[in-house]
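Quick notes on the structure that follows.
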Amino acid sequence: MIEQNISPDFEPVSYCIQGKTIHGLALGKESSPVVLCLHGWLDNAASFLPMLGAIKKNDPDCLGKRFIALDWPGHGLSDHRSQDAHYHFFDYVYDLLQVIEHNAWQSVDIIGHSMGAMIANAFSAAFPEKINSLILIDALGFITAKEEDTSQQLRAGLLSRIKANQSRAKQNVARTFSKETAIKARMQVSDLAYHNAQLIVERSLKQASEQSANHFSWRSDARVRTLSPYRMTLSQAKHLLVDVVCPVLLLHGDKGMDSVNSALQEFSSLIKHFTEVELSGGHHVHMEQASGVVSELIDFWQLKDSNKK
7 MIEQNISPDF
17 EPVSYCIQGK
27 TIHGLALGKE
37 SSPVVLCLHG
47 WLDNAASFLP
57 MLGAIKKNDP
67 DCLGKRFIAL
77 DWPGHGLSDH
87 RSQDAHYHFF
97 DYVYDLLQVI
107 EHNAWQSVDI
117 IGHSMGAMIA
127 NAFSAAFPEK
137 INSLILIDAL
147 GFITAKEEDT
157 SQQLRAGLLS
167 RIKANQSRAK
177 QNVARTFSKE
187 TAIKARMQVS
197 DLAYHNAQLI
207 VERSLKQASE
217 QSANHFSWRS
227 DARVRTLSPY
237 RMTLSQAKHL
247 LVDVVCPVLL
257 LHGDKGMDSV
267 NSALQEFSSL
277 IKHFTEVELS
287 GGHHVHMEQA
297 SGVVSELIDF
307 WQLKDSNKK
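Mapped onto this note's numbering, the consecutive letters of the sequence shown carry residue numbers 7 to 315.
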């Protein structure tokens, strides 16, 4: 990692679980109820900095909550999985369970973006007693596959692992580049503005050597890019979502992922307590429209609490 200009309000946290460490950033009093912030694929905890900064600006007491943005294994500052492991979707669900059990949290609220939202969907279905509410950002449901494509999906997933292992074996020395090159490369494959790409990229880089001040390589595990050898069918995905019983808010950008609109048609009616809000923005709407997102989540939580009375 390279030095980031992060407000001192943010506290680095880490959880050592079965010999591997999951890192993150926390905001708010340690004694306050926990809200876990779960980032998307190839992002990291820094993707929540604009939103959390807006929360702190709105209320110095951070809405009476403790927000913890995690780096998934293989992302950000967190450790990579062991050499014999891979990055199955459901293993991330297990990572989430381990963090919650490790900290003995009885229940939490979750804000999940993209892949983090999908992981939160699955976790909420399997462990409804541990989730108070769910805020999904530009993702709903799961990536599914047709039953008749099972063999093809399995083949593609396993071959992608072979390819990744061969690439790692050939690459004895990590490719290095400048921070500026990395930021621009990330912008080319996303809708991120420069300052938002910079936040994510800086937490994803490591200095190549002490002698090379402007030479970096990626910290993220290349294996996170391999294809999944197995995906749920649409029917399986629907059965999971039926078991989500907590209040759910979907926030999505009007220029976000096209898959959100199709997911709304497939999945929204299955969730018992579902609210949808469209905001101006793209896939990373929580970075682009941080204040607007904060306003929506405050309204959502206030309504949830009032319905309990």
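Every residue gets a Cβ at the ideal spot worked out from N, C-alpha and C, and that includes glycine.
When rounded, the separation of the alpha-carbon atoms in Leu-240 and Asp-15 is 42 Å.
Taking C-beta atoms under 8 Å as the contact rule, Lys-244 and Leu-276 qualify, at a distance of about 6 Å. Residue range 185-194 is occupied by the alpha helix (DSSP H) that includes Arg-192.
In the structure shown, the three-state DSSP call for Val-105 is helix. Taken through DSSP and simplified to helix, strand or coil, Gln-213 comes out as strand.
Counted as a single uninterrupted DSSP element, the alpha helix (DSSP H) harbouring Leu-247 occupies residues 240-248.
DSSP places Ile-117 in the strand class (E or B) of the three-state scheme. Secondary structure note for Pro-18: its beta strand (DSSP E) is the uninterrupted segment 17-23.
Pairing Leu-76 with Gly-122, the inter-Cα distance amounts to about 10 Å. Apart from the 5 residues on each side of it in sequence, Ile-106 sits with its Cβ closer than 7 Å to the Cβ of Val-114 and Lys-136 in its chain, given in chain order. Taking 7 Å as the cut-off, the beta carbon of Gly-118 is found closer than this to the beta carbon of Ala-126.
Apart from sequence neighbours up to five positions away, the residues of its chain that approach Ala-131 with a beta-carbon distance below 6 Å are Leu-246, Asp-249 and Val-250, ordered along the chain. By a beta-carbon distance limit of 8 Å, Ile-143 contacts His-292. Their separation comes to about 5 Å. Under the three-state reduction of DSSP, Cys-252 is assigned to coil, being neither helix nor strand. Listed as beta-bridge partners of Cys-43 by DSSP are Ala-75 and Ile-117. Distance from the CA atom of Ser-297 to the CA atom of Trp-307, rounded to whole angstroms, is 15 Å. For the options Ala-60, Arg-174 and Ile-28, the alpha carbon positioned closest to that of His-108 is the one of Ile-28. Trp-224 and Val-300 have their C-alpha atoms roughly 31 Å apart.
Per DSSP, the beta-bridge partners of Thr-281 are Leu-255. Between Lys-190 and Leu-211 a beta carbon distance of about 13 Å is seen, past the 8 Å cut, so the two are scored as non-contacting. A residue is called buried when at least 16 other Cβ atoms come within 10 angstroms of its Cβ; Pro-134 does not meet this threshold and is exposed. Cβ contact annotation for Gln-104 (same chain, cutoff 6 Å, sequence separation greater than five): Ile-23, in chain order.
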